[in-house]
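Chains as they are written, first to last, in the numbering used here: chain A, 7 to 652; chain B, 7 to 652; chain C, -13 to 303; chain D, -13 to 303. Don't be surprised by glycine CBs; every beta carbon is placed ideally from N, CA and C. Since the structure comes first, as structure tokens, the remarks are kept for the end.
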Amino acid sequence: MKTVGELSWRIGGPQGSGVDTAARLFSLAASLGGLNVLGRREYYSNIIGRHSYYDVRLSATRQPRSHRIRVDLLTSFEAETLARHALSVVPGGGIIYNVKDEDTPFLRITFLDERVRQDLARVLTEEGVEHTTSTKGLLELAEKRGVQLYPVPYDELFKTLSERFDVPLGIAQRTRNTLAVALSFALLEFPREFLKEALARVFASKPKVVELNQAAVDVIYDYMASSHSNLAFDFRLEGVTQDGPRMMLNANQAVAIGKLAGGLTFQTYYPISPATDESVYLEAHTTYRTREGDEQGVVVVQTEDEISAIAMASGAALTGARAATATSGPGFSLMVEQLGWTSMTETPLVITLYMRGGPSTGMPTRTDQGDLFFALFAGHGEAPRIVYASGDVEEAFYDAIRTLNYAEMFQMPVIHLVDKALASTTVTLPVPDPTQVPIRRGEIFVPEEDEGQRIVKRFSLDTETGISPRVLLGTPHVHHWMTGGEHTEEGRVTEDPVIRVRMHDKRLAKLEYAAKTIPAEEKFQVFGPEDADFTVISWGSTKGAILEALEILEQKGLRGRFVQVKLLMPFPKEIAPLLERRPLILVELTRTAQLARLLRMELGVEVDHRILKYSGRPFSFEELVDALEAVLERREEEVTVLQLFE
Amino acid sequence: MKTVGELSWRIGGPQGSGVDTAARLFSLAASLGGLNVLGRREYYSNIIGRHSYYDVRLSATRQPRSHRIRVDLLTSFEAETLARHALSVVPGGGIIYNVKDEDTPFLRITFLDERVRQDLARVLTEEGVEHTTSTKGLLELAEKRGVQLYPVPYDELFKTLSERFDVPLGIAQRTRNTLAVALSFALLEFPREFLKEALARVFASKPKVVELNQAAVDVIYDYMASSHSNLAFDFRLEGVTQDGPRMMLNANQAVAIGKLAGGLTFQTYYPISPATDESVYLEAHTTYRTREGDEQGVVVVQTEDEISAIAMASGAALTGARAATATSGPGFSLMVEQLGWTSMTETPLVITLYMRGGPSTGMPTRTDQGDLFFALFAGHGEAPRIVYASGDVEEAFYDAIRTLNYAEMFQMPVIHLVDKALASTTVTLPVPDPTQVPIRRGEIFVPEEDEGQRIVKRFSLDTETGISPRVLLGTPHVHHWMTGGEHTEEGRVTEDPVIRVRMHDKRLAKLEYAAKTIPAEEKFQVFGPEDADFTVISWGSTKGAILEALEILEQKGLRGRFVQVKLLMPFPKEIAPLLERRPLILVELTRTAQLARLLRMELGVEVDHRILKYSGRPFSFEELVDALEAVLERREEEVTVLQLFE
Amino acid sequence: MAVETKPRWTVKDFRAPYEVDWCPGCGDFGILNAIYQALAQMGVSPHETVVVGGIGCSGKAQYYVNAYGVHTLHGRPLPVATGIKLANPNLKVFVVSGDGDSMAIGAAHFVNGGRRNVDITYIMFNNEVYGLTKGQASPTLPLGLQTKSLPEPNIQGNINALMLAFTTGYTWIGRGYAYNIKQLVRLIREATEHPGLAFLEVLQPCPTYNNLHTKDWYQGRLYDINEEGYDPVLPPDADDATRRDLYARFMEKVFEWGDRIPTGVFLVNRNLPTFEERIAERQPHYRIHPPALTRIRDDEGRSLLDIQPFYEEHRAR
Amino acid sequence: MAVETKPRWTVKDFRAPYEVDWCPGCGDFGILNAIYQALAQMGVSPHETVVVGGIGCSGKAQYYVNAYGVHTLHGRPLPVATGIKLANPNLKVFVVSGDGDSMAIGAAHFVNGGRRNVDITYIMFNNEVYGLTKGQASPTLPLGLQTKSLPEPNIQGNINALMLAFTTGYTWIGRGYAYNIKQLVRLIREATEHPGLAFLEVLQPCPTYNNLHTKDWYQGRLYDINEEGYDPVLPPDADDATRRDLYARFMEKVFEWGDRIPTGVFLVNRNLPTFEERIAERQPHYRIHPPALTRIRDDEGRSLLDIQPFYEEHRAR
Ligand SMILES: Cc1ncc(C[n+]2csc(CCOP(=O)(O)OP(=O)(O)O)c2C)c(N)n1
Ligand SMILES: Cc1ncc(C[n+]2csc(CCOP(=O)(O)OP(=O)(O)O)c2C)c(N)n1
Ligand code: SF4
Ligand code: SF4
Ligand SMILES: [Mg+2]
Ligand SMILES: [Mg+2]
């Protein structure tokens, strides 16, 4: 019996060769056919040539929440993909590959890391296959394990296409991505109409291209029907009917649209992976339509560096514009001085921080959660800020609105943590509703009419909460000053010890006010039964994998609870009682288990186990199932997850 | 009976008017007379005009370790000093002031903060004196409290001087600082010879000036003898004989000389208070003599900003130069990205961080310890570094050598924490011995002769400690690469998950190695009896005030122990047993009790009480005596120390 | 705002009611006075005026002007001012910055600011030293000179600020002198009335640290190039030859230093659109709803965004 | 090192044994080849050579040279290179940097580097885009141009790199082209042999993102100014007129763009001492014991510092 409607598909190839387009086509077609989709992209910090791959997980019944490390169907253009991923394919799964690649020596795959070559040779040797230094051995082993092999004569197919439709071979070759996708869908017996529709959408502006590619689909379906049997292949897809419209977004897009929904009118950026795409998206959407039919929008400025980006956004914020910037670790490191300034001047500002592998340049296109402590304590002196983390793409949308609200409500910088994993995770999701999170602007000073010109106490100490109404630059009848120096109520520099203490208290009091004001459900989320057998605690992009892992463990009789912390500063002390069902297990994409240390510091709570991954790749739920079992059954204190070929 | 040989003296005046020179003369003369000296300077972020003052504490019997808030003798040039400090003078103490200032309305003192005016008026009203809005009321109150008043007709004295020595009045007025000092010493009956010698030293290059000022001393001593009685004045100083030579240094100078002793050959800086003076000192001492009689030295570069400062120093360090930079909060904030780079590339580098009031521009010339958490976690990703704090000027010297050693031994950045308080604390101390801390350079790769040219594994993973021998740029026969990206053993960028994990582990392992290697006595210091009634924990510049406060409490029967943490990263876990004598009291110059949170995080230890000061001014031992009593007797959980007129 | 012929605000109105803490005799006082007069003459009101300062003695100037004053970080006044101006183009935005603030730590912003031509008046106080950190050499102090605050002669070369402004695209370039207030007022007005990024260098004696280029030293060396007939305007229809001629004259003047030191307006280029105009060209709504003045929620506080077009763009089914 | 007439190292020796990951057809390949050839021709050995890269496609060049390679942070190669060179002046130090690396985030270092004149060869790969971040406009892309990677025409103006180098004091200024390797080798050699900070801009097609200024586009537009008789050398005894004449010619050439694009050596100024010479003048021991080569401890590992003079200076009693 075949598995129907559940699949993990992987496609790989050199950067720039269209892996993304193929994955997009695959995802869109599947989604048009009613399937729920999650895509995950892995790529190098490189423009053309190095290996990138894309995992697409499909489900007819529910929204997948994380990728899988075990691949059901692998589709490859070239030898490197075979080398890196053939070992990941499950028995009963399949590998579609170019016949030309069936015996490529690893040494000829120039970008294959020496370490990978060695480990491949080792595994192949251990498994006792004959060829240990070329793709041949991999295919041999795959077959031995029950993986179905589908060698495809790509070149011949291009030729057929070229001849049949009378286009030059070069043009025919451009259908490579469509080919790869069509081969997969044909094997999966998925109706070709969805792919054709997807092609029509993706290449909407180029009818010729659509036509040729749609024709290619037919060629491929025919070819598969005539040349390969999928009898022993364990997977099948069919179109299903689902309720309600769905969009397909990654977190870069979700945050961008969320910011627009949240009233963002000024965004600055300096290009940096994996944050750039958010700003470039905004640049392409500077004008939007309101529900009332007007045109308005956002000014996006590409600055000369991140220092300028945050400084410029701060300036805009002073006038009352909702302002934000987006960056990643290295850029955030440069923003730190101005971050302190916005805190000191009580300027509302959102910094969307896309975490990537660190420290330093680290791994620009790989994921990590290592910036947590830095976000909490960045900047000299004691500078209040809010640190807020999204757990998935949908949250990222609503959190983009929320963080803009927090910034203005509490008059301080908000660091919105997302990561590379979310930025390159594309999911199907219900159309988000911008009106769901009301826009809150905090206290704003309104002048009396005709009161002449006077100096106003922008930083009035006459406040319990620490909030003094903001006086926006340009407010008539009044003026004031602002400074990163310690200051008086009028915003003038002072070194008076008493004023200093009152102002410092006032600024820090706002954190307590925020802790009181932000509703619990925005601070953290709890999943699973109250009387669980264990508790998992985590934050950020690990959410999806954890939730799926807990479901599987539950089926195995291990009932877990998951506490997802969203607000990391001010820390929600009210989670303490939720952590009582022991063992308490931290899941985090770091080496040093930062949230565990934060729990100790904030709550005096000690976690019992740590499950960590810091290879730059996100958790899959499968890894977490294994790791949680190791923890629960074998009582391992710390489990480090690492895949050899990821 | 007069108190002999113990005194706290204060002089105030507008910035630029010579308060520093006066204090220097006073300190030097006292020291020449065998007294032990501690000077403390408070000043505005301003060049000329705003109020600055200088406290000098003298003792015939021991080295004073902190300033006092209660003043025995106040010397003032002008009304603002009276306004700000008259209330601090102890009964039996004295105030020397210009007769002209005896009835200056507070409103006419232009730089007097409105808050100070109000509080003065309030205090004077509460005390029931007649004049509540001018210096007159202050003098009235002082007298009522038993403070001796010594009005001095400065102008007449200048005239006398001008006439007697036939110099223009303008020149005579330049002796103002000498006058102020001489008035004080005369009142204290301190032999005038010491002051004359001090003058000869300070103005060594200007014999004419020496002559006139020495003459002025005589004029003043005569004037005091004839015009004022010091009968009711409770203090007296006399020359005493002491063993051994003494230097007079502040921490800027101690660190600078310590760095030279530690073999520093490359220093970069961008001017910033209160760090600049260290680098300017080095600029004036680029060439020094070795014990072997050679001339060598240090290259000091003033860069265009702090980013360049740390980047340039990093570059120098790669070649094997011992390199450092010095800065303060805002500059350090800008250094953060490159800090991560040095950590990632395992480059030894010392950053001397002079903490000042934050956040942001904060209070550039006031002290603070608020940068602790930032120093610990600065930079995105998980980047090992050593954080080390000095407790006093003498430590600062030896720690400058130590931190240069640590940087090279553990191949990582070292943040050496000092603060504005130490930078402007000048003490007499025994001549430091540069050979006391041996210079350690860590493991350095030495090439084989004539091995041709080969690529070398600079970041060899073949190490238990995490240390791979450094290959200095320029080492013959070999080469390699370095990068802030994750890298292979040869230093080439990699995104391989397995190498990534091994390298990340290796780098972090060095912290454990450092924790094992650094001897306990360098990590922390313990003072006081094992069976104490309470324990004080702190770090940095609070040391002096704490030690003195504990001595006084001991006399009152309260026996305390003090644990001074010097190594803050990696945190010395071995201090946990030392904290068992409860209550455990944190003393810190912050609002948020950072070390308390760190203890919770690192050791799971909870402090019982917190004594905090965050007005930008350092603790005096008197404040700590009071606060500790409040804590010990009244069980107050948190005591915030704040002086109205500091 | 109603159009008034007689300005409503006087010099007195622009003088902030607080003590000034510059050194006696500092050139900054002259610049400040010129700012007061220029503001009063231009008839802008305090609440429409934003003075953005860097860090330094110069960066205190905004405290002394009775208008919105923003004290930024060292080197960052230009980007902050840019954000303010772009978000609310109705405001008159001034930058007051030191030579260190502008050309050392702030040089990347200075250089890239020229690429944008935002309508800001940039006044650089050039005293050749870092005043507020006690007299170190700034990027405008020539190589080999030794002011009294330096332990050794200056080991780094200097940058010609006017030349740098020219190279990086500033569209109005001028130089004044702190003690020639009459000329300075005119220059500040012209710079402010110029639509685009105007750079005004002010030669500013620092009696405390710069004992080389003092008031006395400048005395008799300064002259006004415009009075001598120098025409700074790049005509709208300038051909290559005209342009080259102006550039050559410009270069000739900016490198002049010593016995004769030129001041005045060196360059006026109205041929480049301002950044604001470029934005409006891309997104016409900018003129009506600049960022500070965009309504972002309805009366119930709900987002105004119509999600439909985004759905269409990212439609999965 | 023994003096050899025939260089010991060949192009092959300088080629690092690793795969290059630039896009096919990238201009960077040409520059890299020119570097190999120049190094081989100059006869320096790999261990004396340090190539310091910024971040970008350009900033990968150092990985492909078989010599010490330092991959710094975005915008920071010049300060790091400066530290290396000043600490060990025996090394030959190269900077390889992109146009974004140099003139956007690194502009403050670029500008202030000119004030120092450290003996470094600065090669800027100018492709007018941010290659490694997928084709955004860099500070050298002119206003209004729209490469295929931009959603809208470029809204910011461009900076003329040669002009900026001139303005900020670089003492050797040249321009090459990625595909004219023969000329480029000569330029790199001249730049390297020049004692002082040499700035070499290389026009570098980026076939992936810059579809405007491609190899085809450059074809036929480029010419060598030196071949046409342009003399870039500022004579040691240059009077004002000579200097002015050279500056005018320089300006004329650097602003030329379009049908004819000048390459070659634009300026050679040997009249300024290098920073190394300036240091040695201050502290003669620098020549003998530069920072990397100073002995700092005796055989027992003890500090060599004689504390006595410090005691005397700070003597309290
Ligand atoms: C990041 C940072 N680095 C250093 C400083 C210290 N600092 C304050 S003012 C100043 C120099 C000011 O010189 P300039 O810009 O010429 O202004 P001036 O005081 O001469 O008017 C410096 C370096 C700072 N505030 N912030
Ligand atoms: C602080 C920081 N900000 C942003 C980036 C991201 N980044 C990587 S390369 C690059 C631009 C490179 O452009 P350029 O210098 O012109 O080099 P090219 O790739 O064109 O050779 C940027 C912005 C970074 N690495 N560090
Ligand atoms: S230091 Fe110089 S620039 Fe600063 S206030 Fe004093 S005179 Fe003016
Ligand atoms: S993106 Fe452009 S510059 Fe970068 S490697 Fe590709 S072609 Fe070269
Ligand atoms: Mg200055
Ligand atoms: Mg580029």
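Is the closest heavy atom of ligand 4 to the C-beta of residue i under 8 Å?
i	result
VAL305/D	Nothing can be reported for residue 305/D, as the shown portion of chain D is limited to -13 through 303.
TRP8/D	yes
For ligand 5, any of its heavy atoms closer than 8 Å to the Cβ of residue i?
i	result
CYS192/C	yes
When you measure from the CB of residue i to every non-hydrogen atom of ligand 2, does any distance come out below 8 Å?
i	result
LEU65/B	One detail in the question is off: residue 65/B reads as Ser in this sequence, not Leu. For ligand 2, not one heavy atom lies less than 8 Å from the Cβ of SER65/B.
VAL571/A	no
For ligand 1, is there a heavy atom less than 8 Å away from the beta-carbon of residue i?
i	result
GLY55/D	no
Is residue i near ligand 3, judged by its Cβ being under 8 Å from some heavy atom?
i	result
TYR275/B	no
LEU118/C	yes
GLY45/A	no
How about residue i: is its Cβ closer than 8 Å to a heavy atom in ligand 6?
i	result
PHE15/D	no
PHE185/D	no
SER474/A	no
Going along the chain, which unbroken runs of the beta strand (DSSP E) with 3 or more residues stay wholly within the region 520 to 563 of chain B? 530 to 533 and 540 to 545
Taking 8 Å as the threshold, find out whether the region 582 to 602 of chain B comes into contact with the region -4 to 16 of chain C through three or more Cβ pairs. no
Compile a chain-ordered list of the residues in the region 49 to 80 of chain D whose CB is closer than 8 Å to at least one CB of chain A. HIS57, LEU59, HIS60 and GLY61
So if I threshold CB-CB distances at 9 Å, which residues from the region 89 to 108 of chain C count as touching chain D? MET89, ALA90, ILE91, GLY92, ALA93, ALA94, HIS95, PHE96, VAL97, ASN98, GLY100, ARG101, ARG102 and ASN103
Proximal residues, the region 210 to 227 of chain C versus chain D, C-beta separation under 8 Å: none
Answer yes if the region 197 to 204 of chain B comes into contact with the region 152 to 164 of chain B, meaning at least three C-beta pairs across the two stretches below 8 Å, and no otherwise. no
Three or more C-beta pairs under 8 Å: does that hold for the region 41 to 54 of chain B against the region 629 to 648 of chain A? no
Ranges of the beta strand (DSSP E) found wholly within the region 283 to 335 of chain A, counting only runs of at least 3: 293 to 295, 301 to 303, 305 to 308 and 329 to 334
List, from N- to C-terminal side, the alpha helix (DSSP H) runs of 4 residues or more that fit wholly inside the region 423 to 497 of chain B. 426 to 429
Along the chain, which unbroken stretches of the alpha helix (DSSP H) at least 4 residues long are found entirely within the region 121 to 183 of chain D? 147 to 154 and 167 to 179
How do the region 67 to 77 of chain D and the region 149 to 166 of chain D stand: do at least 3 beta-carbon pairs fall below 8 Å, yes or no? no
Alpha helix (DSSP H) segments (min. 4 residues) lying fully within the region 47 to 125 of chain D: 63 to 73, 85 to 89 and 93 to 99
Members of the region 294 to 323 of chain A that neighbour chain D once the beta carbon cut-off is set at 7 Å: GLN308, GLU310 and ASP311
Does the count of Cβ pairs from the region 397 to 412 of chain A and the region 259 to 266 of chain C closer than 8 Å reach three? no
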